[in-house]
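**Q**
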Amino acid sequence: MPNPMTDSKDDLKASELVQIQLPSDSANPHPPRFWRSLDELNNGAAYQKGLAHEFPEGRFPKTSGQGGLNRRDLLKVMGASAGLAGLTACTKLPPEKIVPYVRQPEEFVPGIPLFYATAMPLGGIGRGVLVESHMGRPTKVEGNPDHPGSLGGADVFGQASVLTLYDPDRSQVPIHFGHLASWDGFIADFGDHLASESSTGGAGLRILTGSITSPTLADQIKSVLSQFPSAGWHQYEPCGRDNAREGAKLAFGQYVNTIYRLDKADVILSLDSDFLFAEPGGLRYARDFAGRRRMVDPSGTTNRLYVLESTPSITGSLADHRVPIRSSDIQAVARAAAQGLGVPSGSDAALPAGMSADWVAALVHDLQAHRASSLVVAGEQQPPSVHALAHAINHALGNVGVTVIYTDPVEANATDEIKSLKDLVADMDGGRVRTLLMIGVNPAYNAPADVPFVAAIQKVDFRVHLGLHQDETAEVCHWHVPETHYLEAWGDVRNYDGSASIIQPLIAPLYGGKSAHEMMAVLQGQTNLSTHDLVRGYWQRQAEAGHLAPAAASNFETFWETSLNNGWIEGTTLAVKQVTANASAGAATTAAESNAQGLEIVFRPDPSVWDGSFANNAWLQELPRPFSKLTWDNTLLVSPATAARLGLQREDVVKIVLEGHEVEAPVLILPGQAANSVALHLGYGRRRAGGVGTGVGVNAYAIRTSDAPWIAAGATLTKTGDKHHLVTTQNHHLIDQNGQKVEEESEAAFDRHVIRVATVEEYGRDPNFAADPPEETTAAPSMYPKVDYSQGYSWGMSVDLNTCIGCNACVVACYAENNIAVVGKEEVDNGRDMQWIRVDTYFRGDLDNPEAYNEVMLCQHCENAPCEYVCPVGATVHSPEGLNLMVYNRCVGTRYCSNNCPYKVRRFNFKLYSDWDTPSLYPLRNPDVTVRSRGVMEKCTYCVQRIMEAKIVAEREDRTLRDGEIQTACQQTCPTQAIVFGNINDPESRVSKLKAQSRDYGLLRDLNVRPRTTYLARLTNPNVEIKG
Amino acid sequence: MPQIFHHSMNTISRVSIVAGVLLVGGLGYLAWAVNESPYYTNAKLPLEQPVLFSHKHHTMDDGIDCRYCHTSVEKSSFAGLPPTETCMTCHSQIWTNAEMLEPVRASYATGQSLEWARVNALPDFVYFNHSIHVAKGIGCTTCHGQLGEMPVTWKENTLYMRWCIDCHKHPERFVRRRQDVFKPVYEPPANQLAMGKQLVKEYRIKSYTNCDTCHR
Amino acid sequence: MDPVETNNLTAVVETDEVIAPGQTYRSVSDRVSDMVLEWPIGYRWAAGLLLALALLFVLNLALGVVFTIGVGVWGINIPVGWAFAITNFVWWIGIGHAGTLISAFLLLMRQQWRTSINRFAEAMTIFAVACAGMFPLAHMGRPWLFYWLLPYPDTMGTWPQFRSPLVWDVFAVSTYLTVSLIFWYVGLLPDLATLRDRAKKRITKIIYGIVSLGWRGSAVHWSRYEMCSLLLAGLSTPLVVSVHTVVSFDFTIAILPGWHSTIFPPYFVAGAIYSGFAMVLTLAIPLRKYYHLEGFVTMKHLDFMAKVMLATGLVVAYSYIMEAFMSFYSGNPYERYMMMNRMTGPYAKVFWTLIACNLVGPQVLWLRRFRQSAWLLFGVSLVVQTGMWLERFVIIVTSLHRDFLPSSWGMFYPTRWDYMTFLGTLGLFFTLFYLFIRFLPMIAIHELRDLVHKKQEESHAAVH
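Here it is, written out as structure tokens:
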């Protein structure tokens, strides 16, 4: 990791940004500009938008180009075919200006990126990241290897957050009653109201935030509340952790934070928990979990994962035993297991359909056999009672202190957030609120359906919204103030384990946004303090008060620098807390909570847009969702059996009625979904997300109630007769084959040995179960002279299917690293998505309870590449180091290479997909990678730009490259390190060692294409006591 | 039956055959010539600049090293263009009110950058790296010409791909000793080939001609 | 006004000879040259030309859209990177072959029945190749860089990639066009001279005079002419085989199941001649009817052509069967799936239509009754051409849309621009053809006279 610079970025002004020379990828000869004042903005198209409350067209082709020809275009077009003769490629370069600094910041070396450690808050909890900055432009987010919560991994949200920074639909100026205003104007107006509030001690003042872990912000709020003693602070996270908190309270009588140590767990039972992805500690958990899954040879050991869940999750796809059952039935199973383990768990509950007593018994034996090395994890969406049960079981098994540890809550002020929001709405409704300040929240969109937020807020005299976008909430506020992105302002945040990180900005606010800290300062009448001083000041006080490491107090400057450098603050990790579970915690369960009969509906945060805050992020919208491969939509997920029972087909639009609230959603039949349980992802149906997200999908919040926010019984589905076209990148055809329902592609995939899997036991018997026949691995005769790759570097990659969790992080990382274009729903439907790396999913077995296998697919860099010899202009050729090169500027676009690619990993610019028109997107682009234009082929290059960069450095220093010096973008971000790239000529390199394993196999090797990317076969570790 | 054509037609038709061939050939040559001409390549054409900067004066008369202004040439792909303050380090002392330097002073005062016309520009899909070339003993003047003799700066070579490849195929013809790399005026020695071959070995120069060397 | 009414021609009786009896040197010359020089423009011809021009306009629009927006306006995608464009290319090239075969191959074979049909068959070849040649250009992502496929010393120090069949195509097709053009023009020379001499208007005389390159019909001219056309025939005969062989390499060189097959070259050549003769019939039958040429293009010609169609059709049928058999016999899972998918998959309907058109339909040609009925033949030839277009579509699309890796399977759905581009080329073809039949002798006058001469010789021989 290059050494992160740690200077204050506050002095880095956008005015300097506009002086940097054009990123070499951009054709536009003018440097990127950002609106920094009203006058500039007034001329901008965005101004019109701001006034008219309209949203821009998406910045990707919405129409497939078939229609949309007006008369003028027509004439132009008619000429074009004739004029083509004149159009021969004129390579004369346009005159270019080159613009140096007036005073160049010392740490800047033009052309060499800098890396800064910072932290990204999600749901109030931090993830340590390392951000790449080219000449002051953040271009790429990576995980921070030094950070305990990341260890170098980053998830889809972290990777995509940089696009949100440059989102041209971000709010760009304070809005007062829908009109452009100014920050000063706001301060004045706000000041008056605060003055009137202070007379009553702030009785009418309310602050609404998300979950707050930021020590500085909490401290500020505390002092505000002391200034306005009768004011109120409410917190609401739409996808918050109320259940976990209340569950802990149920078990221990107090709020505690639960941390799992998966590296120590041999047997794991997940009760509807997606702990590898959806938990705040997900990145760390995934790394630890994968660490236990790596089997170098049959003598190794691995862990065993049981998963009970209603809708397929990333965690579920790695389970050795996965049972799809209704989420509301999971409690009953948990209690049965608890009873088996002698944990008091209330009244007996009959096992739900689909669960056998033997299965539970086998599970119980396994858990008992692994006392102090087992782990029971309850899902965020499960009711508190199940969390309490999990705690009780973990205590009974002696896991506490080993695989589970407890600390104080990471939230500055842990509370029941849904209740907190309800109280606020009650106050507003009762006219007790005069001034409402909302920071980074969007309750108008995501408040529960039975909490009449929008109605109630009308009774508030003065409403202020601080947010990234002019969203649904901004619409109902008098004042909207643009908020800073986390890459734009100083701040701090606590990570899943309680350790605090400083959020250091990489760029001055693009649109003059204000941070929550500044807003709080305004409440305290401090309008002159910079966020940097606020945050630094707080930590200095902490150091002086001796709350931090003693070194901090003695020499705070160095401490501050190191903290920024490391990306987290030493001595802030919360101490392990000794708590004793109230033995009968599980008994607290009431029959009402369990076994609610009939159809249940389950709500989940979306794996791509989360709670809706990423709805305007095109990378995430176009990301194929795990398993369904759905893009640009959310759907009602229904199991094949249930669909058959209700007579539902894919794309049928159904009306869902739940406690009087209703919404219409299209159906998608998903293998592995539990019978009688349907799932709907949150975060869609935004009315005011922006050009990308507005109007995409259906709003699940519209039927989500506060008393059953995650699992609701008694939903009724009725077919409306309408159809809604769904677009998936891998169209899973469910077909009937000799009486049994199978998935066509998967059938073929297993016939062709695309996926190879064995149980640990089979692996022990035949370590070479996955090996290809020797005649396929040794060179078959070829008409062309044999190339000798034995000298110098030979690049290769190994993907471990045993640890790949299919979380999509690599796909988004590739978007950011390689300037990949977004094409939009219609073009994805046409089969033209541009992702260089994709996650293929295949199902095996009964479609109501299949095994799901993920397989990362990218250019295999074949040594005998079929794409190369068919190209008429030699635009795709082989390098002596075994790279299959793609030369965009030589490509004439015959698409022959793609036709001849057996893996179909090549992507073609059928139209002009790259956005040349949106200035705010120029600085986002990676200047080391060409932005492809219309009519050229593109594909995975093994991140050749990183290879060349590293090689140049090595040759300059007259040495050879070290193993691991080059990481591809997908490898670097992979939370489980399932992707390893390196020099296969070096027997000591990690990739060589992996390829030497007996589980190593290549795809379609029988074609004698000799792929450089190979896979490690999947292993499962089933419990022998469980049959089938 | 009367003749349709005058008998001179015979000659005309015969001539036209030859003429046709010549015409086609001529057009081909013209296209080639234009493509190689300075009009098209901008080679050898001085550009209009905000300040009449003379490399000749600064490097030869004043003996300033290239790296004094082009600071990142050994570290980065981009050689670097001096910020205004670099000019002002000297010109706040000497020629402080020279008419010619007004734009520089203005830039320093107002904080508005000087906007130079770019002399050596490559297409956006070409990734050239200065640091590796100077490290391997390719001198500035090899590509940029005898800057020490340029009162105004022009582009010395076409920068066509063919031109790059020539050197990449035969580095020994152009490589020089590392200590000579930054000489503003350099004449290759008589024994260039012998020395070149020897330096190629010594500096471990690899003759990269794969596409990914420049295109990514 | 319509020629049929103006020139009170006595309708010629159908005959079984290659030329109707009673024809003299003068009658043939008059008959053919009058169509160009004497007859006024007929409204049916004008109407036909207008229709063709309308379609040409459609082509212009379609290509304009393709060039300005990109090939994305077509339905192609990943995995189906080629569809209509390449289908049309192969189809048109194939059609060309009949012309070359008739003019060159049959000339060497000394076949008399070629004389009256070779002229417009050759014209058809050239126009078809022109249509075909457009598609490799139009289907490129960046057509303005087409010249990168040509070997020339460029500023990049690069060359085309000679291992790629697409480069071979460039040479094959350009050679084909050049040779056919020269052959056709050389054949035209004596007739152009005839027109020059018979023309009344001075301007017409001058125009035909220039293009006939001073042909005087001297013995030297004739002997050189004979030698020249013989050489050209020798040159273009191998092209009949080579061109479509190279075109078939576009597929066989690839590793794709359904493409990667050694049977393609003969199979494609046969298919080409098959569709080519179908096109000749499609053109000949209305022509002879409308211009009352039954005396020159006789039932004998139609019968011969029908027989060639039947023969080549059988070769094609055999290839289909072998293709299917081999894919199962090979035991290769990909090949097997490909063939099953063709027969039962999403495009099964197209496949079976093609079988009906190419394999079943033409079997009626075994019956003399069908070969003797001009309009039935006309119908069959249309069916065959449809079938041959579908054949190329099936080969290209069904092989691409489901290949090796199931996760990447997809579908191709044509867009309106796909259809417009195809219809447009029909416009180009027929525009050129309508102009040809109006301004050039559609039947080789001097060869007809030669034929008349031979016939008289034969009859004299018979008398004595």
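So the protein lines, in turn, are chains A, B and C. The first sequence maps to residues 4 to 1031 in the working numbering. The second sequence maps to residues -5 to 210 in the working numbering. The third sequence maps to residues 159 to 622 in the working numbering. For each residue, glycine too, the CB sits at the ideal point set by N, CA and C. Since we're looking at a predicted model, the values are computed, not measured.
1. In three-state terms, what does DSSP make of K422(A)?
2. Tell me whether the beta-carbon of S185(A) lies closer than 8 Å to the beta-carbon of P485(A).
3. With A878(A) as the anchor, note down where its alpha helix (DSSP H) starts and where it stops.
4. Tell me the DSSP bridge mates of P327(A)?
5. By Cβ distance, which residues of its chain are closer than 6 Å to G688(A), with the 5 residues on each side in sequence left out?
6. Please confirm whether N929(A) and N821(A) have their CB atoms less than 8 Å apart.
7. What are the residues of the stretch 54 to 88 of chain B that lie near chain A, defined by any Cβ-Cβ distance shorter than 9 Å?
8. Tell me which residues share the same chain as W547(C) and place their Cβ nearer than 7 Å to its Cβ, disregarding the 5 neighbours each side in the sequence.
9. List the whole-angstrom C-beta distance separating V407(A) from L378(A), where the pair is believed to meet the contact cut-off of C-beta under 8 Å.
10. Can you list, in chain order, the residues of its chain whose CB lies under 7 Å from that of V582(A), leaving out five sequence neighbours each side?
11. Which residue or residues does DSSP assign as beta-bridge partners of E145(A)?
12. Report the residues of the stretch 748 to 769 of chain A with a CB closer than 9 Å to any CB of chain C, ordered along the chain.
13. Within this structure, are the beta carbons of M523(A) and V227(A) separated by less than 8 Å?
14. Mind pulling the beta strand (DSSP E) runs of 3 or more residues that sit fully within the stretch 785 to 860 of chain A?
15. What's the call for P171(A), buried or exposed, on a 16-neighbour Cβ count within 10 Å?
16. For Q140(B), does the three-state DSSP call read helix, strand or coil?
17. Check each candidate in K612(C), F486(C) and L335(C) and name the one with the smallest Cα separation from V176(C).
18. Any beta-carbon of chain A closer than 8 Å to the one on C205(B)?
19. Pull the bridge partners of F984(A) from the DSSP assignment, please.
20. Is DSSP giving P491(C) helix, strand or coil here?
21. Once DSSP output is grouped into helix, strand and coil, what is the label at N887(A)?
22. Flag L353(C) as yes if its beta-carbon sits less than 8 Å from any beta-carbon of chain B, otherwise no.
23. Pop quiz: W271(C) and H418(C) are said to be a contact at Cβ under 8 Å. What is the actual Cβ separation, rounded to whole angstroms?
24. Give the residues of chain B in contact with I365(C), contact being defined as C-beta atoms less than 7 Å apart.
25. How should F486(C) be labelled, buried or exposed, when 16 other C-beta atoms within 10 angstroms of its C-beta is the threshold for buried?
26. Whose Cβ in chain C lies nearer than 8 Å to the Cβ of P869(A)?
27. Residues bridged to M189(B) by DSSP?
28. To the nearest angstrom, how far is it from the Cα of P610(A) to the Cα of E109(B)?
29. Identify whether Q530(C) lies in helix, strand or coil by the three-state DSSP scheme.
30. State the beta-bridge partners of Q238(A) as determined by DSSP.
31. Whose C-beta lies closer than 8 Å to the C-beta of S423(A) among residues of the same chain, with five residues either side of it excluded?
32. Name, please, each residue of chain B whose Cβ falls closer than 7 Å to the Cβ of T313(C).
33. So for H468(A), helix, strand or coil by DSSP?
34. Could you name the residues of the stretch 366 to 383 of chain C whose beta carbon sits closer than 8 Å to any beta carbon of chain B, in the order they occur along the chain?
35. Could you name the residues that DSSP lists as bridge partners for S201(B)?
36. Determine the DSSP secondary structure at V325(C), reduced to helix, strand or coil.
**A** With the structure as the only source:
1. Note: K422(A) maps to helix in three-state DSSP.
2. Contact: no.
3. For A878(A), no alpha helix (DSSP H) segment is defined, and its DSSP state is neither H nor E.
4. DSSP output for P327(A) lists E312(A) as bridge partner(s).
5. Cβ neighbours of G688(A) within its own chain (closer than 6 Å, five residues either side excluded): G700, V701 and N702.
6. Contact check for N929(A) against N821(A) passes: the beta carbons are separated by less than 8 Å.
7. Those residues of the stretch 54 to 88 of chain B that come within reach of chain A (Cβ to Cβ, closer than 9 Å) are T65, S66, E68, K69, S70, S71, F72, A73, G74, L75, P76, P77, T78, E79 and T80.
8. Within the same chain, W547(C) has close Cβ partners T245 and W249.
9. At roughly 7 Å, the Cβ-Cβ gap stays under 8 Å, so V407(A) and L378(A) are in contact.
10. Result list for V582(A): F255, V259 and Y409, in chain order.
11. Paired residue(s): L133(A).
12. Cβ proximity to chain C below 9 Å picks out E748, S749, E750, A751, A752, D754, R755 and V757 from the stretch 748 to 769 of chain A.
13. Note that the C-beta distance between M523(A) and V227(A) is below 8 Å.
14. List check, beta strand (DSSP E) in window: 798 to 803, 841 to 847 and 854 to 860.
15. By the 10 Å Cβ count, P171(A) comes out buried.
16. Residue state, collapsed to three classes: coil.
17. Nearest of K612(C), F486(C) and L335(C) to V176(C), Cα basis: K612(C).
18. True, the Cβ-Cβ gap to chain A drops below 8 Å.
19. Answer is M800(A), bridged to F984(A).
20. In the three-state scheme derived from DSSP, where H, G and I count as helix and E and B as strand, P491(C) is classed as helix.
21. In the structure shown, N887(A) sits in a strand (DSSP, three-state: E or B).
22. So, not an interface residue.
23. About 40 Å; that fails the 8 Å criterion.
24. Near I365(C) there are no residues of chain B at all, since even the closest Cβ is about 10 Å away, more than 7 Å.
25. Within a 10 Å sphere around the beta-carbon of F486(C) sit fewer than 16 other beta-carbons, which makes this residue exposed.
26. Going along chain C in sequence order, the residues near P869(A) (Cβ under 8 Å) are A412 and I413.
27. Per DSSP, none; premise fails for M189(B).
28. Distance between the alpha carbons of P610(A) and E109(B) is about 47 Å.
29. If DSSP states are grouped into helix, strand and coil, Q530(C) belongs with the helices.
30. Its beta-bridge partners are T212(A).
31. Taken in chain order, the residues that qualify are H237, Q238 and Y239.
32. Going along chain B in sequence order, the residues near T313(C) (Cβ under 7 Å) are N29, Y154, M155 and R156.
33. If DSSP states are grouped into helix, strand and coil, H468(A) belongs with the strands.
34. The stretch 366 to 383 of chain C vs chain B, Cβ under 8 Å: G367, L371 and G372.
35. Answer by DSSP bridge pairing: none, since S201(B) is not bridged.
36. For V325(C), the three-state secondary structure derived from DSSP is helix.
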